[in-house]
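One structure is given here, and the rest of the page talks about it.
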Amino acid sequence: MIAETVCSAVAAAGLGIAAVTAYRKRFLAATRIAAYSLVPLGLVMTGVVDWLADTAFSPTAWAGFGVLGLSWVLFSTTRAVERRRGGTRKERRAARGAGSQEAVAPTASAPSLGPAARTPAARPANRPQAAERPTDDFSDIEAILKKHGI
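With my numbering applied, the sequence shown corresponds to residues 145 to 294, in that order.
See the structure below:
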């Protein structure tokens, strides 16, 4: 009963503010304020407020919300663990079964370019020869470290 009274008072106050706004020739804002102020009155008239009040003060309803929250936590936990492990049990078994096979086909070690691409004539002119390139990727890092005496 208190909730209905509060909602009715809010609706009356909102309609009063809408009337003052309309008096100031701001009709669009007044219409919007009137629409918002009629929402609580409509909720009281449809019975939604009674249902919410009964739910808010019901221990059974709160226990139900607790069970729903626990269910959501369990679902979230299993999803997080599943992502961390990399999928479902079936997917992990399939990955282990595929891992026992050879990862690379036996013919994959052969170069994909034909013999014509390996000749010096087929090499672009701006590309340096193999002898000019450093033999490993860390040679420039080693030079910097030697320069600084490390």
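C-beta atoms are modelled at their ideal positions from N, C-alpha and C, and glycine is treated no differently.
Three-way DSSP call (helix, strand, coil) for residue i in this model
i      : result
Met145 : coil
Phe171 : helix
Ser202 : coil
Gly230 : coil
Asp284 : helix
Ile177 : helix
Gly241 : helix
Ile161 : helix
Gly191 : coil
Gly210 : helix
Gly186 : helix
Beta-carbon separation (whole angstroms), residue i vs residue j, contact threshold 8 angstroms
i      : j      : result
Gly158 : Tyr180 : 6 angstroms
Leu185 : Cys151 : 6 angstroms
Thr199 : Ala205 : 5 angstroms
Arg236 : Arg229 : 7 angstroms
Backbone CA spacing between residue i and residue j [nearest angstrom]
i      : j      : result
Lys169 : Ala162 : 11 angstroms
Ala178 : Val188 : 16 angstroms
Ala166 : Ala156 : 15 angstroms
Lys290 : Phe219 : 56 angstroms
Ala238 : Glu226 : 15 angstroms
His292 : Glu286 : 10 angstroms
Ala174 : Phe201 : 36 angstroms
Ala209 : Leu172 : Checking the sequence, you will find Phe at residue 209 rather than Ala. Rounded to whole angstroms, Phe209 to Leu172 spans 41 angstroms at the Cα level.
Lys234 : Thr222 : 15 angstroms
Gly213 : Asp194 : 24 angstroms
Val192 : Ala224 : 37 angstroms
Cβ pair residue i, residue j closer than 9 angstroms
i      : j      : result
Ala147 : Ala197 : yes
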